[in-house]
Amino acid sequence: MSEVPQGDATARSGSAEPDEGSSDQNHLGGVARGGALNLVGALVYGASNFALLWVLNRELGITAAGVALVAIAAFNILARVAELGAATGLIRWVSRLRAERTPDLIAPTMWVGLVPVTVISVCFAWVLGTHSDSIAQLFADGETVGQLSKVLAALAPFLPFAVFETVLVSATRGYDVMWPQAAIEKIGRAALLPIVVLVTTRLGGDVVAVARAWAATNLVALVPAVIVTRRLMQRACQTPIVPEKHGAASATPGTSAHLGAQRLDRAAWLATTRSFWAFSAPRAAGQTFEVSIAWIDTLLVSALISTSAAGIYASGTRYVLIGAFVGEALMQVVGPRVSGLMTRHRYRATSHLVRTAAGWQTAITWPMYLLVIAFAPVLLGVFGEQVLAAEGALLALSLGLMVFSLFGPAASVILMGGRSSQAMGNAAAAVTFNVVGNLLLIPWLGITGAGVVWALTLVLSAALPASQAHRQMQVDMVSRTALWTAGIATVTVGVPAAFFRVVAGATPTGLFLATLVGLGAFGAGMWRFRSETGLDDLMADPAQLSPVGPAANIAGRAEHPAGSAGSAPLLDLSDDSRRQFPTMPGGTDGR
Numbered sequence: 007m008s009e010v011p012q013g014d015a016t017a018r019s020g021s022a023e024p025d026e027g028s029s030d031q032n033h034l035g036g037v038a039r040g041g042a043l044n045l046v047g048a049l050v051y052g053a054s055n056f057a058l059l060w061v062l063n064r065e066l067g068i069t070a071a072g073v074a075l076v077a078i079a080a081f082n083i084l085a086r087v088a089e090l091g092a093a094t095g096l097i098r099w100v101s102r103l104r105a106e107r108t109p110d111l112i113a114p115t116m117w118v119g120l121v122p123v124t125v126i127s128v129c130f131a132w133v134l135g136t137h138s139d140s141i142a143q144l145f146a147d148g149e150t151v152g153q154l155s156k157v158l159a160a161l162a163p164f165l166p167f168a169v170f171e172t173v174l175v176s177a178t179r180g181y182d183v184m185w186p187q188a189a190i191e192k193i194g195r196a197a198l199l200p201i202v203v204l205v206t207t208r209l210g211g212d213v214v215a216v217a218r219a220w221a222a223t224n225l226v227a228l229v230p231a232v233i234v235t236r237r238l239m240q241r242a243c244q245t246p247i248v249p250e251k252h253g254a255a256s257a258t259p260g261t262s263a264h265l266g267a268q269r270l271d272r273a274a275w276l277a278t279t280r281s282f283w284a285f286s287a288p289r290a291a292g293q294t295f296e297v298s299i300a301w302i303d304t305l306l307v308s309a310l311i312s313t314s315a316a317g318i319y320a321s322g323t324r325y326v327l328i329g330a331f332v333g334e335a336l337m338q339v340v341g342p343r344v345s346g347l348m349t350r351h352r353y354r355a356t357s358h359l360v361r362t363a364a365g366w367q368t369a370i371t372w373p374m375y376l377l378v379i380a381f382a383p384v385l386l387g388v389f390g391e392q393v394l395a396a397e398g399a400l401l402a403l404s405l406g407l408m409v410f411s412l413f414g415p416a417a418s419v420i421l422m423g424g425r426s427s428q429a430m431g432n433a434a435a436a437v438t439f440n441v442v443g444n445l446l447l448i449p450w451l452g453i454t455g456a457g458v459v460w461a462l463t464l465v466l467s468a469a470l471p472a473s474q475a476h477r478q479m480q481v482d483m484v485s486r487t488a489l490w491t492a493g494i495a496t497v498t499v500g501v502p503a504a505f506f507r508v509v510a511g512a513t514p515t516g517l518f519l520a521t522l523v524g525l526g527a528f529g530a531g532m533w534r535f536r537s538e539t540g541l542d543d544l545m546a547d548p549a550q551l552s553p554v555g556p557a558a559n560i561a562g563r564a565e566h567p568a569g570s571a572g573s574a575p576l577l578d579l580s581d582d583s584r585r586q587f588p589t590m591p592g593g594t595d596g597r
């Protein structure tokens, strides 16, 4: 791939951006629209996971459900490690190649990312299948060792397909579309899981058959993932390049200017591979740490207590992860926009965007967590009386997630600012804290200790990047919007929830009344203080959305006149390392 000169940023696009302010005006509107689709997907995903846990506990029983969940935890950790960070790398490179108007190079770049992933995932599948007995002995006890060994062996053949499907679906975000991931993974496959498991159990299937059916849904999702990826690639190559206002030449599909301008010879293959994995490899470690935080506590509870305790813990704590899925959905939409703003050194606009996003995240999650805290016994009782033992862990995790949501997409700011190594370091610190804390507290406090450690880990994983973004990138993560929203939620939802818990007790009736009154009052409070909570930004016409106001937009145009480096196109993510971010130890580009 040919290199682009480092000089004028407009050399990569062929023209300058005529209006600096106009490019920022739609960020909040774009986040709201993309976030709405991802929000629907997150809610369906969370509800489907709840239904899956209900089916597992009710149909298999606590012990067998614990075996299935421990196996799923091990499978998910191995699958995420096998991705090698390729999903994030492909998102960045697809966006870059589209911005550089070289979509014909997307397919070769896909191979650069997918071939190593396939090889590693096949190796992991072989290890999982051939060493299932040894792995089971680490995390199970008594009769469950044999069950867990059989389940792990049954899951092994599906590991490469699960990894391939996840990477393909995630890579579609590089085409500036969110619907494939929402439709295929968060809605389609997620909704299929409880149905498939229920049918399997009603046909007489045991825990091994259930695990096999669960993993087979990855094959089902892989089909639309391949079809959608091919169509997006074809559309990118067939879309003519629109002439720029300042005289850039156009190109039509199939011409040398569009398809034949660049080819990957051997040297270009090597250069592309080096660049791709230089970015993706640190992210691979970061993803490993992230999935470890989400699942390793389940494995440790199983190893230190029992598989039944692991099932109780996983079922109880997954209740509040709908809020975590919402936060992840918002980060997926905010991340690329943060990257675009920071590429152009628009730190004030970036701060406004992430603070507003934190407010929206708080508005969605805090009412949910307050109701969970007040009526945890009612919610846990849905899974069975034994799962009530997870109440302490659920309360601790709810509090941790409430604090976590106040920081918004802090981790996304670090990652999209080109600091993948720093993001990896943050994740490493969090997972180290998580593992050490679990080893200390689980023997002492049981599954409640695991919940406390997870909650503290979440706070650390949000506060650390928020502090770094403030000190090193001039991005202020302290969100007045989020604090206003949290205060309104506490008064309008928390107070009624406490009242009805005292008056009606831990009953479904009390939960219903608290939800009805609390959410109604919360909606009224958000509307009353819509300016303070960022609701005005969410509801405003996209043409009116300006992160920093008209005066600041004019100032931005004066600061970055047409033709300057500050007026690079929003989608130009190429060579972020050349931007003037503060240098990190160990490299000039923050990696």
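Quick note, my numbering runs 6 ahead of the 1-based positions in the sequence shown.
We put the beta carbon where it would ideally sit given N, CA and C, even for glycine.
Remember, it's a predicted structure, so these values are computed and weren't measured experimentally.
Please return the same chain residues whose Cβ sits closer than 7 Å to the Cβ of VAL465, not counting the five positions on each side in sequence.
Hits under 7 Å: GLY406, VAL409 and PHE410.
Extent of the continuous alpha helix (DSSP H) run through ASP139:
Here the alpha helix (DSSP H) through ASP139 covers 138-145.
Would you mind working out which of PHE56, GLU171 and MET239 sits nearest ALA85, comparing C-alpha positions?
The shortest CA-to-CA distance from ALA85 to any of PHE56, GLU171 and MET239 is the one to GLU171.
Between PHE528 and VAL509, is the Cβ-Cβ spacing less than 8 Å?
No. Outside cutoff.
Have a look at VAL87 and ARG536 and give me their C-alpha separation to the nearest angstrom.
Going from the Cα of VAL87 to the Cα of ARG536 covers about 43 Å.
Measure the C-alpha to C-alpha separation of GLN392 and HIS476 and round it to an integer number of angstroms.
For GLN392 and HIS476, the distance between alpha carbons rounds to 45 Å.
The alpha helix (DSSP H) spanning GLY72 covers which residue range?
Element bounds for GLY72: 68-88.
How should MET7 be labelled, buried or exposed, when 16 other C-beta atoms within 10 angstroms of its C-beta is the threshold for buried?
Since pLDDT at MET7 reaches only 39, below the 50 mark, its modelled position is unreliable, and no value is offered.
Pull up the distance between the alpha-carbon of GLY72 and that of LEU66, whole angstroms please.
Whole-angstrom Cα-Cα distance: 9 Å.
Start and end residues, alpha helix (DSSP H) containing ILE97
Start and end: 92-105.
Can you tell me whether ILE379 is buried or exposed? The criterion is at least 16 other CB atoms within 10 Å of its CB, across all chains shown.
The residue in question, ILE379, is buried, as its Cβ has 16 or more Cβ neighbours within 10 Å.
What's the gap between the Cα of GLY540 and the Cα of VAL226?
Our two residues, GLY540 and VAL226, have alpha carbons roughly 40 Å apart in a direct line.
GLY317, buried or exposed, once every other Cβ within 10 Å from all chains shown has been counted against 16
Buried.
Please state the DSSP three-state secondary structure of GLN428.
Under the three-state reduction of DSSP output, GLN428 falls in the helix class.
Indicate the three-state DSSP secondary structure (helix, strand or coil) for SER537 in the structure shown.
SER537 falls in the coil class under three-state DSSP.
Considering only the alpha carbon of each residue, which of LEU103, ALA53 and THR368 lies closest to ASP182?
ASP182 has its Cα closest to that of LEU103, out of LEU103, ALA53 and THR368.
Could you have a look at PHE598 and say whether DSSP puts it in helix, strand or coil?
The shown model of the chain, from 7 to 597, leaves out residue 598, and the question about it has no answer.
Close beta carbons around SER467, own chain, < 6 Å, minus the five adjacent residues each side:
Closer than 6 Å at the Cβ level, and outside the excluded window around SER467, lie ALA436.
What span of residues does the alpha helix (DSSP H) with LEU407 cover, start to end?
Unbroken alpha helix (DSSP H) run through LEU407: 397-412.
Who are the near neighbours of THR589 in its chain, counting only those whose CB is closer than 6 Å to its CB and skipping five residues on each side?
Note on THR589: pLDDT 28, under 50, position unreliable in the model; no value is reported.
By the 10 Å Cβ neighbour count, where 16 or more other Cβ atoms means buried, how is GLN1 classified, buried or exposed?
There is no way to answer for residue 1, as the model of the chain reaches only from 7 to 597.
Specify the secondary structure class of PRO122 as computed by DSSP and reduced to three states.
In this structure, PRO122 counts as helix in the three-state DSSP scheme.
Spatial neighbours of ALA93 within its chain, please: C-beta separation below 7 Å, excluding the five flanking residues on both sides.
Its chain contains THR172, VAL173, SER176 and ALA177 as the residues whose beta carbon lies nearer than 7 Å to that of ALA93, once the 5 sequence neighbours on both sides are disregarded; these appear in chain order.
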